[in-house]
Amino acid sequence: LSHLSERIQLSGTFNVRKGKMQLPGSRWARRQVIMCGTCLIVSSVKDSLAGKMHVLPLIGGRVEEVKKHREHCLAFSSSGPQSQTYYVCFDTFTEYLRWLRLASKVASQRISSVDLSCCSLEQLPANLFYSQDLTHLNLKQNFLRPGPGPSVSRGFSKLKSLNLSNNHLGDFPLAVCSIPTLVELNVSCNALRAVPAAVGDMHNLQTFLLDGNHLLSLPAEMENMRQLGYLGLSFNEFADLPGVLARLTAVDRLCMSGNCLETLSLQALGRVPHIKHVDLRLNAIRELVVAGDSDALHHVTQLDLRDNKLVELDVTVFCNVQVLHCERNQLGSLSLCGASLKALYASSNELVHLDVCPVPNFLTLMDLSRNRLENVPEWVCDSPKLEVLDVGHNRIRELPARLFCNRGLRKLLAGHNRLTRLPDRLEGTQVEVLDVQHNQLLELPPTLLLKADSLRYLNASANGLETLPPATLSEETPGALQELYVTNNRLTDKCVPLLTGHPRLKILHMAYNRLQSFPASKMAKLEELEEVDVSGNKLKALPTTILACRRMHTVSAHSNCIEVFPEVMQLPEIKCVDLSCNELSEVTLPENLPPKLQELDLTGNPRLVLDHRTLELLNNIRCFKIDQPSAGAAAGVPAVWSHGFTEASGVKNKLCVAALSATNFCDNREALYGVFDGDRNVEVPYLLQCTMSDVLAEELQKTKNEEEYMVNTFIVMQRKLGTAGQKLGGSAVLCHVKHDPLDPGGYFTLTSANVGKCRAVLCRDGKPVPLSRSYVMSCEEEWKRVKQNKAIVTEDGKVNGVTDSTRILGYTFLHPSVVPRPHVQSVTLTPRDEFFILGSKGLWDSLAAEEAVEAVRDVPDALAAAKKLCTLAQSYGCNDSISAVVVRLGVPEDGFCRCRRCGGGPPPPPTALRTGGRAPAAGGGGPASETSGEVSASEMSSEVGSTASDEPGPGGRRTLHPGGPAGSFRRRLSDAAFSGAFPDNGLDSDDEEPVRGVFSNGSRVEVEVDIHCGRAEPPGPAEAGDEAAGGGGGEEEEAGPPRRPDLSAAGTVGRRRGNGSVAPQERSHNVIEVAAEAPLRRPGGYFAAPAQPDPDDQFIVPPELEEEVKEIMKQHQEQRLQRPAQRPAQHPPPQPRPQRHPPDQPPDSYDTPL
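Read in order, the letters of the sequence shown correspond to residues 1 to 1154 in UniProt numbering.
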């Protein structure tokens, strides 16, 4: 009863007796009695809720006072011929009155609607037949047998609606035919092969749903159903129109999508003059058969022929058609009558010719996108009511000169064409939305913003614009423009003054242009500006007058040359600030941060140093990102891969994507990258992010076959989603880079696996090589499987109205129509491979693979490349969450690892992370994983792993080289996120100097760490000399086989922390004294993926062994202190090292039996 605790109204322990008072066998007993909802529950065990519980439904029953035998006694009786009675004797009169009032109220209720869907029922509950007032009964998705029983007509005397869908009945339930009051019957998805003649007895039936079965025909007796107004026959096996339809005169809609029609007989449609709406989606129609003397079909007003196999279409015979759908065919030409036409949808075809006659005077919307049109018909200028015209993704070179003179036109979408100019005739235009992105425009009409005084949205991104047209100069009639997107053009500083003519401007995207400055006086006049994106320019500063924009909530200025931190922190509404990939050296903050600030991204600023006070202030930001400046140039080791990734939230600031990056996966010669998209679900991407790498690591232990371990990973992940109780699903793409450890001379292999609409693309010789595939309904093999399993595909192309992907993780209730089996593809990496991109649905919906590759090919920094893709997608109109991962490759000519273990030349010189003159050495570092770690619903999120260019300059970030299982150990700079809980910002109160590589954002500490090869290397002669000159600083290595070094001893690279970080002794401020493996609780209910620590760093002590472990620790410490005195005389005594912790404080790690 724990799950019913919220519904319990009354409870207590009273004397209870079952049955009639006159029966001698019935005795009074002390039992627990509960009033829960509309039922009386009596326990079978004295004073306990254990054991069997007796449930007595009270609705329709009786509650009577019993004064003959006992005082304060009530009789509770259920309804129906098999009613039961319980007598309850209360201790006080107050309790008696309380129970009497509540039970009487419940018994007097009448229930008219019952929902028992998804209850695993095999037969109907007997109590249902006793409710005389039941009118609506929902029994879908159960396991019912055919026929509820012979008494169904007497039990459901008032039943009007019955839903038996998804029960796999096999045979039609004849019992329902005897319910005379039935108005609506749903028997969809029950594997029915025939409809009995008895259905003709349901004279009052108005709605009859037979979708998703195996029907080939309908009985002639259905003509007796005179009141039938809706008949659902979709997703059956009809090869022609049923003949009985001609006699069902009340049916006005033909719903036969997803059947087996190969031709459409217009003569057959002429026999059903009462049909107005014809839905024939997802058939195999190749042609319309027209009889020689066929008359015009005046009765059809809506015709839906989407997703068929039509090559040409002439529907002029439908002279009164108002709405025509013919998307996703193979149409080359289309002819129709425009006398009554109101909406035309013909996208995703191969149209080169469109003939509409006469000119449609009632046309309001026309969608001709994604075709092969070279011009727009002239008659669109004369269609007076045309409001929306979409001709995007065609081959149009010029628009009609009088197009903007159409006073009805409100929205024009002409992006992704070959336009070189726009019409100049703009007098009286009422256009509000104009999208001309991805064309060849060098300029916009000079009077566009002067005469188009209703224009509020303009997107001219991805053109060749060098300036903008002037705006109105009158303050009395300011322009109406609110959103301006001119990203990826050639705009210079000259266009900035022209923006002042748009005082109502709210969103301004001018990223990736040629801006070098933004005058302060011009920014001051844009007071209503809320979002600005000037990334990818050459700005050295943002104007201080940005403070005049009091409504500003998003400032994105990454990938510039900004040296001075702007005064954006004084804006009261600011939420997101992205200043990554700039040249900041310091951050100036006010005493109090803005209350709504959610994200501050400062990654990619190599010269940035934050003091203690600044870190304390930034501790309050929900998502704060920064990386460490480089420790100096490292030479001699070629990088094989480096990566960067970014994320951006979509509508309602919900971040429904996640990214995974493990640059040292498994044996340090592998890498794993992933992107996960939950559509509009927040929890699924993070659950995949936290779990999928571990699942893949386990599968790699079982098999080395690429397809097998990838497929098994997705199948196991599907089970884990179900175990977590997650009913929704998400898309995923994984890219696994590996190098055979048994073959040092072998090549690197990239294996990609994806489900849903997350995809990966490899750039080889500057050309995109697809690594993924999106499985949707347009795929022939996928459609066959969905149709075979009789799933319902709704008009928006979604399986059962849930998802348009037929292969996706989750959505287990859609199996077997929707499966988690991924598309797997493996390629051998060569020196010609430059990089590969992983992206979510939002990225690939906005950018083609060719454009994405071309956009980032010349961006050497992986983080900057990922951010550029995200910025471009947002400027091109993407409103969904976006995640992009860019992995740059540097595969050598011979394709094998260059570390010393693999025979790749001299060992690299020691890095700056060293103590006492000794080269860094440490044990085999475990896999260093990175996850995006996003905890806020910010508008943009980015983190970077090893984001180095192939030619790092002074202060540049370094690349990560995936070394072999053994070899030299060295550290270079990258970002690896570790989750933990540090309430004091991770800094001691007396420390004033910031610790490089360690930063915190309140509930999370991020430590920058990079691992080259994962095995320790004995010091060479040079290192030994340095150590002798420096006086040691640590214990010497003993002769014999190599052993794992003691990470708690000083003299290597400082102390090894529980979260995997290494701090040099001379710079350590005792910043991290506690391991940070504890996963971070996410707002969505799942845990953030922590870094993968070394197993020896995890020290978990059971409570019953605490005292014993403390004693072992104490003995261990005493032995270590006495060890120098027990050494042989030939070894020189080591230099005394400073005590890093008081004698009573245990060191960081111990070699204990645990």
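C-beta atoms are modelled at their ideal positions from N, C-alpha and C, and glycine is treated no differently.
Validate contact between the stretch 637-651 and the stretch 798-809 using beta carbons, cut 8 Å, 3 pairs
no
Where does the unbroken alpha helix (DSSP H) through phenylalanine 93 begin, and where does it stop?
93-107
Between the stretch 656-672 and the stretch 820-828, can you find at least three pairs of beta-carbon atoms closer than 8 Å?
no
How would you write the range of the beta strand (DSSP E) that aspartate 115 sits in, first residue to last?
113-115
How would you write the range of the beta strand (DSSP E) that asparagine 664 sits in, first residue to last?
Per DSSP, asparagine 664 belongs to the beta strand (DSSP E) from 657-665.
In three-state terms, what does DSSP make of tryptophan 641?
strand
Check the DSSP bridge columns for methionine 35 and list the partner residues they point to.
In the DSSP output, where bridge partners are listed per residue, methionine 35 has Leu10 and Leu40.
Minimum length 3: unbroken beta strand (DSSP E) runs contained in the stretch 548-630:
554-556, 576-578, 599-601 and 623-625
Same chain only: Cβ atoms within 6 Å of valine 564, ignoring 5 sequence neighbours per side
Ala541
From Glu378, Asn417 and Ala452, pick the residue whose C-alpha is nearest to that of lysine 411; which is it?
Ala452
May I have the straight-line CA-CA distance separating lysine 1114 from arginine 1120, to the nearest angstrom?
10 Å
Report yes if the C-beta distance between serine 840 and cysteine 763 is below 7 Å; otherwise report no.
no
By how many angstroms is the C-alpha of alanine 414 removed from the C-alpha of asparagine 394?
8 Å
Environment of alanine 346 [buried if 16+ CB atoms lie within 10 Å]:
buried
Could you give the residue range of the beta strand (DSSP E) that holds methionine 53?
53-57
What do you reckon, are the CB atoms on leucine 450 and leucine 481 nearer than 7 Å?
no
Can you tell me the Cα-Cα spacing of valine 388 and threonine 364, whole angstroms?
6 Å
Closest by CA to valine 114, which one among Lys654, Ile179, Thr588 and Leu124?
Leu124
Beta-carbon proximity check, threonine 85 vs leucine 58, cutoff 7 Å
Not closer than 7 Å, so no.
Going by the CB atoms, is the gap between phenylalanine 676 and alanine 697 shorter than 7 Å?
no
Since leucine 248 and methionine 222 should fall inside the 8 Å C-beta cutoff, what is the C-beta to C-beta distance between them, to a whole number of angstroms?
At roughly 7 Å, the Cβ-Cβ gap stays under 8 Å, so leucine 248 and methionine 222 are in contact.
Neighbourhood of threonine 13 by C-beta, 8 Å cutoff - its chain only, sequence neighbours within 5 removed:
Taken in chain order, the residues that qualify are Arg30, Arg31, Gln32, Val33 and Asp47.
In DSSP terms, what phenylalanine 76 is bridged to:
Val63 and Tyr86
Beta-carbon proximity check, asparagine 513 vs leucine 491, cutoff 7 Å
yes
Spatial neighbours of residue 1155 within its chain, please: CB distance less than 6 Å, with the 5 preceding and 5 following residues excluded, ordered by chain position.
The structure shown does not extend to residue 1155, since the chain is modelled only from 1 through 1154, so no value can be given for it.
What are the start and end residues of the beta strand (DSSP E) that includes threonine 871?
Unbroken run through threonine 871 is the alpha helix (DSSP H), 862-875; no beta strand (DSSP E).
C-beta contact flag for leucine 144 and asparagine 167 at 7 Å
yes
DSSP-derived helix/strand/coil call for glycine 674:
strand
Can you tell me whether DSSP reads valine 799 as helix, strand or coil?
Looking at valine 799 - three-state DSSP - the assignment turns out to be strand.
Pick from Ala343, Gly338 and Leu373 that is closest to leucine 351, judged by C-alpha positions:
For the residues Ala343, Gly338 and Leu373, the minimum Cα distance to leucine 351 belongs to Leu373.
Coarse secondary structure for cysteine 381, derived from DSSP in three states
Of the three classes helix, strand and coil, the one that applies to cysteine 381 here is helix, per DSSP.
Can you look up glycine 200 in the DSSP assignment and give me helix, strand or coil?
Helix at glycine 200.
Note down, in chain order, each residue of its chain lying with its Cβ closer than 6 Å to the Cβ of proline 470, except the 5 sequence neighbours on either side.
Leu498
Name, in chain order, the residues that DSSP records as bridge partners for serine 826.
Thr751
Rounded C-alpha distance that separates histidine 416 from valine 436:
7 Å
Specify the secondary structure class of alanine 296 as computed by DSSP and reduced to three states.
coil
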